[in-house]
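Undergrad: Input: one structure, supplied below.
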Amino acid sequence: MIHFTKMQGAGNDYIYVDNRNGVVKDPTQLSPKISDRHFGVGSDGLVLISLSDKADVRMRMFNPDGSEAEMCGNASRCVARFAWERFFKKAKDEFDLETGAGIKHIVIHRDGENFKSATVDMGAPILEPAKIPVAAETNKITLDGCEFTCISMGNPHAVTFVDSVKTAPVHTKGPDYEIDSFFPRKSNIEFCELVDSTHAKMRVWERGTGETLACGTGACATLVACVLNGKTSRAIDLELLGGTLHIEWREEDSHVMMTGPAEFVFEGTFEE
Numbered sequence: 076m077i078h079f080t081k082m083q084g085a086g087n088d089y090i091y092v093d094n095r096n097g098v099v100k101d102p103t104q105l106s107p108k109i110s111d112r113h114f115g116v117g118s119d120g121l122v123l124i125s126l127s128d129k130a131d132v133r134m135r136m137f138n139p140d141g142s143e144a145e146m147c148g149n150a151s152r153c154v155a156r157f158a159w160e161r162f163f164k165k166a167k168d169e170f171d172l173e174t175g176a177g178i179k180h181i182v183i184h185r186d187g188e189n190f191k192s193a194t195v196d197m198g199a200p201i202l203e204p205a206k207i208p209v210a211a212e213t214n215k216i217t218l219d220g221c222e223f224t225c226i227s228m229g230n231p232h233a234v235t236f237v238d239s240v241k242t243a244p245v246h247t248k249g250p251d252y253e254i255d256s257f258f259p260r261k262s263n264i265e266f267c268e269l270v271d272s273t274h275a276k277m278r279v280w281e282r283g284t285g286e287t288l289a290c291g292t293g294a295c296a297t298l299v300a301c302v303l304n305g306k307t308s309r310a311i312d313l314e315l316l317g318g319t320l321h322i323e324w325r326e327e328d329s330h331v332m333m334t335g336p337a338e339f340v341f342e343g344t345f346e347e
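Position 115 (the sequence shown) corresponds to 190 in the working numbering; numbering is contiguous.
See the structure below:
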């Protein structure tokens with residue numbers, strides 16, 4: 076029996092397991108079972124939380140298809156709240172998180188003794204095609220006549236601008252774009268609608284998952300694409316299906332800062 080905690084950040088929901096004792100032996104097998112919304116608990120994936128010899132806490136994130144992702148921004152905020160309350164007993168409001176995309180610094184924002192939100196330093200975006208990776212000479216490609224800006228936030232993203240996210244071809248084109256030959260490791264696909272210079276909307280087709288209500292790394296990649304294409308300022312509120320994230324791309328160090336919620340949903344046990 077595996078004890079789990081269901082949490083969500085802007086609607087991006089994951090199953091979180093305290094794995095300090097190594098209770099989960101094969102996450103690639105467990106994630107598809109526990110993430111199934113009909114026969115399991117239901118989630119956008121499985122996140123294992125443990126201590127780290129490189130940082131304060133470590134997270135590993137597995138998609139519903141069993142594949143391991145390098146990073147998840149919304150999950151990182153949930154891991155931060157989980158660790159803040161259960162590992163550190165609210166004793167410190169800043170700490171480092173080890174992910175598959177490197178060490179991320181996190182700041183907890185309080186409302187008295189209660190959790191309010193978390194800011195994650197997502198690091199600098201990667202724009203070099205070979206490092207994203209995208210099989211092209213530049214980080215801008217064209218698919219079906221649509222221009223995409225490709226960016227890595229520790230995992231690959233391709234962002235395109237649409238007139239309306241309501242009518243964007245997320246389900247009809249997202250699956251094909253994800254596995255296009257341009258993307259050696261597949262890609263997350265973002266559809267962005269501009270509102271004004273400080274406000275945009277986004278829907279995402281996530282690699283290995285399908286459409287989700289939010290994607291933290293995708294939100295960061297979307298802002299970077301907006302700035303690179305002269306669409307918005309360097310700090311915006313990005314409206315996702317599950318809520319709003321505040322994203323800023325700092326000029327001084329090129330780091331992208333993401334601020335948003337992290338909420339507990341319920342706890343339970345799951346029999347493998």
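For glycine and all other residues, C-beta sits at the position ideal for the given N, C-alpha and C.
(1) Is there at least one Cβ from chain C nearer than 7 angstroms to Leu202's Cβ?
(2) Using a threshold of 7 angstroms, state whether the C-beta atoms of Met333 and Gly305 are closer than that.
(3) Roughly how many angstroms lie between the CA atoms of Leu172 and Ile178, to the nearest whole one?
(4) In its own chain, which residues sit with a C-beta less than 6 angstroms from the C-beta of Glu323, not counting the 5 before and 5 after it?
(5) Could you check where the beta strand (DSSP E) with Val209 kicks off and where it finishes?
(6) Can you tell me whether DSSP reads Val237 as helix, strand or coil?
(7) Can you give me the Cβ contacts of Met76 inside the same chain, cut-off strictly under 6 angstroms, excluding the 5 residues immediately before and after it?
(8) Could you give the uninterrupted runs of the beta strand (DSSP E) lying entirely in the segment 290-315, keeping only those of 3 residues or more?
(9) Give me, in chain order, the residues of the same chain whose beta-carbon lies closer than 7 angstroms to that of Pro208; leave out the 5 immediate sequence neighbours on both sides.
(10) Apart from the five residues on each side of it in sequence, which residues of its chain come closer than 6 angstroms, Cβ to Cβ, to Lys276?
(11) Jot down the residue ranges of each uninterrupted beta strand (DSSP E) in the segment 87-163, minimum 3 residues, whole runs only, in chain order.
(12) Spatial neighbours of Cys147 within its chain, please: C-beta separation below 7 angstroms, excluding the five flanking residues on both sides.
(13) With which residues is Asn214 paired in a DSSP beta bridge?
(14) Pairs of beta-carbons, one from the segment 145-162 and one from the segment 174-192, closer than 8 angstroms: are there three or more?
(15) Bridge partners of Met277, per DSSP?
(16) Let's see if you can read the secondary structure: which residues bound the beta strand (DSSP E) around Gly220?
TA: This is what the structure holds:
(1) Chain labels in this structure do not include chain C; a single protein chain is all it has.
(2) Going by C-beta atoms, Met333 is not nearer than 7 angstroms to Gly305.
(3) Between Leu172 and Ile178, the C-alpha separation is close to 5 angstroms.
(4) So the qualifying residues of the chain are Ala310 and Met332.
(5) Unbroken run through Val209: none, as it is neither H nor E.
(6) Judged by DSSP in its simplified three-state form, Val237 adopts coil rather than helix or strand.
(7) Within the same chain, Met76 has close Cβ partners Thr344 and Glu346.
(8) Qualifying beta strand (DSSP E) stretches, in chain order: 310-315.
(9) Excluding positions up to five away in sequence, the list reads Pro231, Pro259 and Arg260.
(10) Cβ within range, chain order: Val240, Glu268 and Glu314.
(11) The segment 87-163 contains, as complete beta strand (DSSP E) runs of 3+ residues, the segments 87-93, 121-125 and 132-137 (chain order).
(12) Beyond the five residues adjoining it in sequence on each side, Cys147 comes within less than 7 angstroms, by CB distance, of Met136, Gly291 and Thr292 in the same chain, given in chain order.
(13) Among the bridge pairs identified by DSSP, Asn214 is matched with none.
(14) The segment 145-162 makes contact with the segment 174-192: 3 or more CB pairs, one atom from each, lie closer than 8 angstroms.
(15) Looking at the DSSP assignment, Met277 forms a beta bridge with Cys267.
(16) Annotation: Gly220 is outside any beta strand (DSSP E) and is labelled neither H nor E by DSSP.
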